[in-house]
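Student: Each residue of the sequence shown is one higher than the one before, counting from 0 in numbering that gives the first Met the number 0. Cβ coordinates follow ideal geometry from the N, Cα and C atoms, glycine included. Mind looking over this structure? Questions follow.
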Amino acid sequence: MQIERQPEVSGIIVTYNPDLKGLRSLLDAIVPQLGSVIIVDNGSKADIGAWVRGHDFHVDLVALGENLGIATAQNVGIEHARAHGSGFVLLLDQDSLPAHDMVATLLAAAKVQISRGVKLGCVGPRYEDTRQNNPPPFIRTNGFRLERQACATPDAVVDVDYLIASGCLIPMSTLDDVGGMREELFIDYVDIEWGLRAQQKGYRSFGVCAALMEHDLGDEPILFLGRQIPVHSPLRHYYHFRNAVWLYRQPWLRFNWKIVDGSRLLRKYIFYSLMTVPRLEHAKMMTIGIFHGLFGKMGKRAGNG
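So, in structure tokens, the structure goes:
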């Protein structure tokens with residue numbers, strides 16, 4: 000198994016009370032693939048710096064001291080990568096596990112698109128939540144329909160509206176033009192908003208089927224009608240619904256996207272209100288989130304550690 004290091008790529012890993020065994024697996028897998036790795040810690044209870052030094056990982060650590068949200072942490076990491084002179088940044092969550100050739104595969108795909116004159120937003124891997132055994136498809140809207148972009152061949156490259164943050168490879172020049180992550184979102188819809196904002200400025204994003212990664216979506220999924228449905232805590236559902244509604248209010252967002260995603264959000268509201276425990280708490284937090292999104296009450300929710 001040959002691992003190719005990509006010196007022009009800096010990896011940014013955002014941590015918040017991580018499972019240290021999982022974090023070690025991530026670092027073992029990704030450090031050899033990158034020019035530099037930056038861990039931005041969002042106020043974890045454990046001393047992540049001491050843990051990193053104890054395992055002799057060659058990474059830069061930025062300790063924020065408190066939970067400032069994933070968007071702020073990613074922006075801090077991006078600025079450090081810019082100071083390194085990196086041409087690309089790779090965003091990673093603490094619970095992801097990339098294949099040994101993921102970065103090389105993504106970078107090659109990115110350079111092919113750039114060589115074709117494409118304004119490249121980002122490229123990202125095909126990921127699998129091993130608890131669900133069904134790789135979530137890449138997503139694109141067509142009119143008022145949501146198209147799930149399956150990988151027709153193992154080496155297919157597919158057009159998407161946006162990519163999840165973890166595993167997302169972005170040219171620094173694109174970040175210079177599009178801007179960073181919207182920090183008032185705190186968590187949830189951060190990657191969606193950025194991807195759609197890039198798309199609105201003429202950038203295209205792609206799912207790279209040959210690039211592979213394991214990634215957990217949400218807490219333990221619920222089995223419903225033969226499908227594993229990912230769920231989150233009531234607090235995460237608050238952010239999810241608040242930020243979705245906030246995004247629908249943005250004047251630059253395509254109308255058809257608002258309709259397509261809004262209909263999905265309504266179905267999620269009904270499902271999570273009926274099928275998750277405690278049902279009333281989930282319904283309450285989603286409802287508060289909707290009203291806060293409508294009235295622009297953003298940022299970190301009070302009492303959220």
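Rounded to whole angstroms, what is the Cα-Cα separation between Cys208 and Trp193?
Tutor: Here residue 208 refers to the residue found at position 209 of the sequence shown. Here residue 193 refers to the residue found at position 194 of the sequence shown. If I take the Cα positions, the gap works out to 21 Å.
Student: Can you tell me which residues form a DSSP beta bridge with Ser95?
Tutor: Taking the first residue of the sequence shown as position 1, residue 95 is located at position 96. Note: Ser95 sits in a beta bridge opposite His214.
Student: At what residues does the beta strand (DSSP E) containing Phe137 begin and finish?
Tutor: The residue labelled residue 137 in the question sits at position 138 within the sequence shown. Looking at the DSSP string, the run of the beta strand (DSSP E) that includes Phe137 is 137–141.
Student: Let me check understanding here. Comparing Cα to Cα, which of Phe205, Ile29, Asp59, Lys20 lies closest to Phe137?
Tutor: Translated into the one-based positions of the sequence shown, residue 137 becomes position 138. Considering only alpha carbons, the answer is Phe205.
Student: What residues are listed by DSSP as bridge partners for Gln5?
Tutor: Position 6 of the sequence shown holds residue 5. Looking at the DSSP assignment, Gln5 forms a beta bridge with Leu33.
Student: Going by DSSP, what residues sit across from Pro233 in a beta bridge?
Tutor: Translated into positions along the sequence shown, residue 233 becomes position 234. Residue pairing by DSSP places Pro233 in no beta bridge whatsoever.
Student: To the nearest angstrom, how far is the alpha carbon of Lys257 from that of Trp245?
Tutor: Here the question's residue 257 lines up with position 258 in the sequence shown. Here the question's residue 245 lines up with position 246 in the sequence shown. So the two alpha carbons sit approximately 11 Å from each other.
Student: What's the gap between the Cα of Met285 and the Cα of Tyr202?
Tutor: Numbered from its first residue, the sequence shown carries residue 285 at position 286. Numbered from its first residue, the sequence shown carries residue 202 at position 203. Between Met285 and Tyr202, the C-alpha separation is close to 32 Å.
Student: Could you name each continuous beta strand (DSSP E) segment of 3 residues or more that falls completely within the segment 66–113, going from the start of the chain to the end?
Tutor: 87–92, 95–97
Student: What's the call for Val306, buried or exposed, on a 16-neighbour Cβ count within 10 Å?
Tutor: The structure shown has nothing for residue 306, since the chain only spans 0 to 304.
Student: Please check the pair Phe87 and Pro6, which I expect to be a contact at CB under 8 Å, by giving their CB distance rounded to whole angstroms.
Tutor: Position 88 of the sequence shown, counted from the start, is the residue given in the question as residue 87. Position 7 of the sequence shown, counted from the start, is the residue given in the question as residue 6. In fact, because the Cβ distance is near 10 Å, the residues do not count as touching under 8 Å.
Student: Assign Gly288 to one of three DSSP states: helix, strand, or coil.
Tutor: Your numbering for residue 288 matches position 289 in the sequence shown. Three-state DSSP puts Gly288 in a helix.
Student: Tell me, to the nearest whole angstrom, how far the beta carbon of Ser35 is from that of His83; I am working on the premise that it is less than 8 Å.
Tutor: Your numbering for residue 35 matches position 36 in the sequence shown. Your numbering for residue 83 matches position 84 in the sequence shown. Confirmed, about 5 Å.
Student: What's the gap between the Cα of Ile163 and the Cα of Gly53?
Tutor: Taking the first residue of the sequence shown as 1, we reach residue 163 at position 164. Taking the first residue of the sequence shown as 1, we reach residue 53 at position 54. When rounded, the distance between both Cα atoms is 31 Å.
Student: Tell me the residue span of the beta strand (DSSP E) that contains Asp59.
Tutor: Translated into positions along the sequence shown, residue 59 becomes position 60. Its beta strand (DSSP E) spans residues 59–62.
Student: Beta-carbon separation of Leu168 and Leu105 under 8 Å?
Tutor: Indexing the sequence shown from 1 puts residue 168 at position 169. Indexing the sequence shown from 1 puts residue 105 at position 106. In contact: Leu168 and Leu105 (Cβ atoms closer than 8 Å).
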